[in-house]
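The sequence shown begins at 152 in this note's numbering and counts up one residue at a time.
Ideal Cβ positions, reconstructed from N, Cα and C, are used throughout, including at glycine.
Just so it is clear, the structure is predicted and the values come from calculations on it, not from any experiment.
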Amino acid sequence: MAYLSLSNLSKVFGTTTAVEDFDLEVEKGEFVSFLGPSGCGKTTTLRMIGGFEMPTTGVITLDKEDITYQSPNQRNVGMVFQSYALFPNMTIGQNIGFGLQARKSPEKEIKKRVNEMLTLVHLEKHIDKYPYQLSGGQQQRIALARALAINPRVLLLDEPLSALDAKIRVELRLEIRRIQQAMGITTIYVTHDQEEALMLSDRVVVMSQGRMEQIGTPAEIYNYPSTEFVAQFVGQLNLLPVTHVDVMNGTCVLAGQPVKFDHSFKRTISETPRLAIRPEEIQIGIGEGRNTLKGRVETVMFLGAVVRLRVDVGGVLLSADLFNERSLTLPRARDEIVISFPEHSCWLI
Ligand SMILES: Nc1ncnc2c1ncn2[C@@H]1O[C@H](COP(=O)(O)OP(=O)(O)OP(=O)(O)O)[C@@H](O)[C@H]1O
Ligand SMILES: [Mg+2]
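Below you can see the structure in the form of structure tokens.
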């Protein structure tokens with residue numbers, strides 16, 4: 152049995168079903184993210200694991216013990232909320248020691264643990280300050296230290312970085328992963344930021360409308376999305392209308408030009424079939440054994456590391472991403488070009 156297990160979990164608020172039919176098995180030391188749009192039930196699921204919300208149906212077990220109806224203290228979990236939620240009238244040291252104080256740990260032990268945690272998040276000098284004297288990033292580090300101080304069995308993080316600016320966010324992401332791996336702590340991380348989920352996680356749960364859409368490693372989710380929702384939510388995706396579909400042989404026609412697709416990747420195909428392909432799979436120029444299409448450049452967007460082209464292929468617009476390099480000669484709008492992509496890179500939805 153997995154270390155943390157949720158089975159048939161659901162939560163209904165009045166007429167709103169926030170979480171439905173949710174099953175998940177998390178191994179000890181694993182880092183799992185819940186990724187999905189606003190209102191899809193991420194926080195509600197996390198709060199049920201933490202004991203801050205009681206499920207309508209289902210069972211939660213932790214280390215073989217049924218914790219479904221235990222209080223948060225009893226289950227010994229650490230939670231970091233979306234807003235830092237530090238106690239404003241307590242010093243940083245008191246904030247970090249709060250959980251241990253509540254458990255009536257000996258003073259000496261608390262002091263030692265607080266210092267350890269401050270070292271862990273590199274904020275040793277701030278022990279006697281108050282939260283308002285720290286920056287947002289520093290406060291969030293303290294919130295993390297406070298959650299970890301009690302040596303929780305599971306660490307629950309609810310969009311802990313969303314209030315911070317982009318640079319600090321990336322820095323703290325790395326910090327969270329470093330600490331998580333150093334401590335080997337089982338972690339559930341809620342985010343609506345796909346880059347964050349892909350970068351941090353051992354496995355990602357993609358959610359939509361209270362349900363799990365797909366669970367897998369970041370590469371599985373990105374390369375083999377099992378539903379259209381996942382394909383569109385994670386990463387950029389071209390969805391191009393096609394005709395004359397032959398599923399058995401993996402052939403179709405895109406804007407009058409023949410295309411071969413990956414037909415080993417089976418799924419139900421809608422009545423208006425579309426070819427799915429990631430922009431980075433498309434290259435300029437002909438390639439041996441690749442699908443080749445004629446098109447015209449509509450726009451060229453220079454984004455730094457990548458250059459995104461919008462290409463008109465016989466009336467169908469698609470995006471193609473080129474890796475930037477200093478010697479790259481950029482195509483220009485209205486250039487007639489040939490693009491190509493391998494058969495295995497595209498699939499039918
Ligand atoms: N206490 C509550 N009472 C009533 N409805 C609630 C309550 N908490 C959440 N909901 C509803 O449950 C659904 C899921 O909410 P939840 O907070 O879990 O979403 P979320 O995925 O965390 O979204 P966000 O990314 O915006 O934080 C929403 O429709 C929300 O309105
Ligand atoms: Mg939320």
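Worksheet item: How would you call Lys-193, buried or exposed, if buried means at least 16 neighbouring beta carbons within 10 angstroms?
Response: As a working mapping, residue 193 is identified with position 42 in the sequence shown. Result: buried.
Worksheet entry | Minimum C-alpha distance to Asp-309 - residue among Thr-338, Ile-319 and Lys-318 | Reading the sequence shown from its first residue, position 158 is the one you call residue 309. Checked all of Thr-338, Ile-319 and Lys-318; the closest Cα to Asp-309 is Thr-338.
Practice prompt. Indicate, with yes or no, if ligand 1 has a heavy atom lying under 7 Å from the CB of Ala-169.
Written response: Taking the sequence shown and counting its residues from 1, one reaches residue 169 at position 18. Yes - ligand 1 has a heavy atom lying nearer than 7 Å to the Cβ of Ala-169.
Worksheet entry | When Ile-200, Glu-204 and Val-210 are compared against Arg-304, the one with the closest alpha-carbon | Taking the first residue of the sequence shown as position 1, residue 304 is located at position 153. Per the Cα distances, Ile-200.
Worksheet entry | Same chain, Cβ closer than 7 Å to Ala-298, neighbours up to 5 away in sequence not counted | Position 147 of the sequence shown, counted from the first residue, corresponds to residue 298. Excluding sequence neighbours, Ala-298 sits near Gly-229, Met-230, Val-231 and Leu-306.
Discussion item. Can you confirm whether the segment 383-399 touches the segment 426-440 when touching is taken to mean that 3 or more C-beta pairs between the two stretches lie within less than 8 Å?
Written reply: yes
Discussion item. Nearest by alpha-carbon distance to Val-103: which of Ala-484, Glu-346, Gly-209 and Asp-214 is it?
Written reply: Residue 103 is absent from the structure shown; the chain starts at 152 and stops at 500.
Worksheet item: Fully enclosed by the segment 303-381, which beta strand (DSSP E) runs are 3 residues long or longer?
Response: 305-309, 337-342, 354-359 and 362-367
Discussion item. Would you call the segment 347-367 in contact with the segment 165-181, where contact means no fewer than 3 C-beta pairs closer than 8 Å?
Written reply: yes
Item to complete: Check whether the Cβ atoms of His-277 and Ile-243 sit closer than 8 Å, and answer yes or no.
Response: The residue labelled residue 277 in the question sits at position 126 within the sequence shown. The residue labelled residue 243 in the question sits at position 92 within the sequence shown. Yes, the Cβ-Cβ distance between His-277 and Ile-243 is below 8 Å.
Worksheet item: Assuming His-343 and Pro-188 make a contact with CB atoms under 8 Å, what is their CB distance in whole Å?
Response: One-based indexing of the sequence shown puts residue 343 at position 192. One-based indexing of the sequence shown puts residue 188 at position 37. Correct: roughly 6 Å between the Cβ atoms.
Discussion item. To the nearest angstrom, how far is the alpha carbon of Glu-371 from that of Met-350?
Written reply: Within the sequence shown, residue 371 is the residue found at index 220, counting from 1. Within the sequence shown, residue 350 is the residue found at index 199, counting from 1. So the alpha carbons of these two residues sit roughly 13 Å apart.
Worksheet item: Thinking C-beta only, is Asp-413 closer than 8 Å to Trp-498?
Response: One-based indexing of the sequence shown puts residue 498 at position 347. One-based indexing of the sequence shown puts residue 413 at position 262. Taking 8 Å as the Cβ cut-off, Trp-498 and Asp-413 qualify as a contacting pair.
Worksheet item: Is Ile-428 helix, strand or coil when you go by DSSP?
Response: Looking up residue 428 in the sequence shown gives position 277. Correct three-state label for Ile-428: strand.
Discussion item. Taking only three categories from DSSP, how would you classify Val-170?
Written reply: Translated into positions along the sequence shown, residue 170 becomes position 19. Here Val-170 sits in strand by DSSP.
Discussion item. Which residue wins for smallest C-alpha separation from Ala-456, given the options Ala-484, Gln-291, Asp-279 and Leu-479?
Written reply: Here residue 456 refers to the residue found at position 305 of the sequence shown. Residue Leu-479 is the option with its Cα nearest to Ala-456.
Discussion item. Considering only DSSP beta bridges, list what Thr-208 is partnered with.
Written reply: The sequence position of residue 208 within the sequence shown is 57, counting from 1. Answer is Ser-161.
Fill in: Three-way DSSP call (helix, strand, coil) for Val-462 in this model
On the sequence shown, position 311 is the one that residue 462 refers to. Val-462: strand per DSSP, three-state reduction.
Item to complete: Would you mind stating whether Pro-206 and Lys-162 have Cβ atoms separated by less than 8 Å?
Response: Here residue 206 refers to the residue found at position 55 when the sequence shown is read from its first residue. Here residue 162 refers to the residue found at position 11 when the sequence shown is read from its first residue. Yes, they are a contact pair.
Discussion item. Whole angstroms are fine: how far does the CA of Asn-159 sit from the CA of Leu-197?
Written reply: As a first step, residue 197 must be located in the sequence shown, where it is residue number 46. As a first step, residue 159 must be located in the sequence shown, where it is residue number 8. So the alpha carbons of these two residues sit roughly 15 Å apart.
Discussion item. For a quick check, are the C-beta atoms of Ile-301 and Asn-246 less than 8 Å apart?
Written reply: As a first step, residue 301 is located in the sequence shown; it is residue number 150 there, counting from the start. As a first step, residue 246 is located in the sequence shown; it is residue number 95 there, counting from the start. Cβ distance not < 8 Å, so Ile-301 and Asn-246 don't count as in contact.
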